[in-house]
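Residue numbering for the sequence shown follows my numbering, beginning at 7 and increasing consecutively.
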Amino acid sequence: MDSVLSRRRVLARGGQGLLVLAAFGALVPACGSDQSSGPDPLESELAAARSDAALATAAAEAAPALAPALRVIADERTRHATALVEELARAAGKPTPAPDSPDATAASTSAAPGPAGPPPGVREVAEALRRSADSAAALVPTLSGYRAGLVGSIAAACTAAHTVGLNPAGEAR
Numbered sequence: 007m008d009s010v011l012s013r014r015r016v017l018a019r020g021g022q023g024l025l026v027l028a029a030f031g032a033l034v035p036a037c038g039s040d041q042s043s044g045p046d047p048l049e050s051e052l053a054a055a056r057s058d059a060a061l062a063t064a065a066a067e068a069a070p071a072l073a074p075a076l077r078v079i080a081d082e083r084t085r086h087a088t089a090l091v092e093e094l095a096r097a098a099g100k101p102t103p104a105p106d107s108p109d110a111t112a113a114s115t116s117a118a119p120g121p122a123g124p125p126p127g128v129r130e131v132a133e134a135l136r137r138s139a140d141s142a143a144a145l146v147p148t149l150s151g152y153r154a155g156l157v158g159s160i161a162a163a164c165t166a167a168h169t170v171g172l173n174p175a176g177e178a179r
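Below, the structure is given as structure tokens:
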């Protein structure tokens, strides 16, 4: 009786075959090259971290009452920039820049010169942090592994900084 195929056996084997094909189809794209043709998406996060650090530093000089919080935010965004530089170097197969190298020190300096007009206020810093948090949060689902965790923690830190760190009066946002 084993040589006779019943309708039930054909359907069962066909279903198993479809499951195997579905699993194979899901795995094949994962084996492809991780290199994309465009710039690394972490580059924009690095630019935002550097810009936010410079903005918070400038605002700290203009707002003495919130200077401690703004300095913490500037230091935090500088650490984000350093972590992003290290990850970009790792992904490119390059050695991590030494702390004294121009690549590493660029992480702690702004990408753009300071504003020519009046110094930025706390609202501008909070808005920049909100934009950075939104950008990082939108990027997380497109990443995997360590990169997703890194960018997710940056999004969380930026959110906390603009909603808690720069909201000393406890105002609702």
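All C-beta atoms in this analysis are idealised placements derived from N, C-alpha and C, irrespective of residue type, glycine included.
C-beta atoms of R83 and A62 nearer than 8 Å: For the purposes of this step, residue 83 is taken as residue 77 along the sequence shown, with counting starting at 1. For the purposes of this step, residue 62 is taken as residue 56 along the sequence shown, with counting starting at 1. Yes.
field: Three-state secondary structure (DSSP) of G151
entry: Locating residue 151 in the sequence shown gives position 145, counting from the first residue. Correct three-state label for G151: helix.
task: Determine the contact status of L172 and V157, defining contact as a CB-CB distance below 8 Å.
output: As a working note, residue 172 is residue 166 in the sequence shown. As a working note, residue 157 is residue 151 in the sequence shown. Taking 8 Å as the Cβ cut-off, L172 and V157 do not qualify as a contacting pair.
message: Does the segment 93-105 come into contact with the segment 44-54, if we say contact requires no fewer than three beta-carbon pairs (one atom in each stretch) closer than 8 Å?
response: yes
- prompt: With DSSP run on the structure shown, which of helix, strand or coil describes T165?
  reply: Sequence index remark: in the sequence shown, residue 165 carries index 159 (1-based). Note: T165 maps to helix in three-state DSSP.
- prompt: Under a Cβ-count criterion, where at least 16 other Cβ atoms within 10 Å of its own Cβ denotes burial, should T148 be classed as buried or exposed?
  reply: Position 142 of the sequence shown holds residue 148. Label assigned to T148: exposed.
message: Looking only at its chain, what residues have a beta carbon closer than 6 Å to the beta carbon of L181, apart from the 5 residues adjacent to it on each side?
response: No statement about residue 181 is possible, as the shown extent of the chain runs from 7 to 179 and does not include it.
field: V157: CB within 7 Å of a non-hydrogen atom of the ligand COA
entry: The model depicted lacks the ligand COA and carries no ligand whatsoever.
query: So what's T63 in DSSP terms, helix, strand or just coil?
result: Against the sequence shown, residue 63 aligns to sequence position 57. If DSSP states are grouped into helix, strand and coil, T63 belongs with the helices.
query: Thinking just about the alpha-carbon of each residue, which of A65, S57, H86 is nearest to the one in G155?
result: As a first step, residue 155 is located in the sequence shown; it is residue number 149 there, counting from the start. Taking only the C-alpha atoms, the option nearest G155 is H86.
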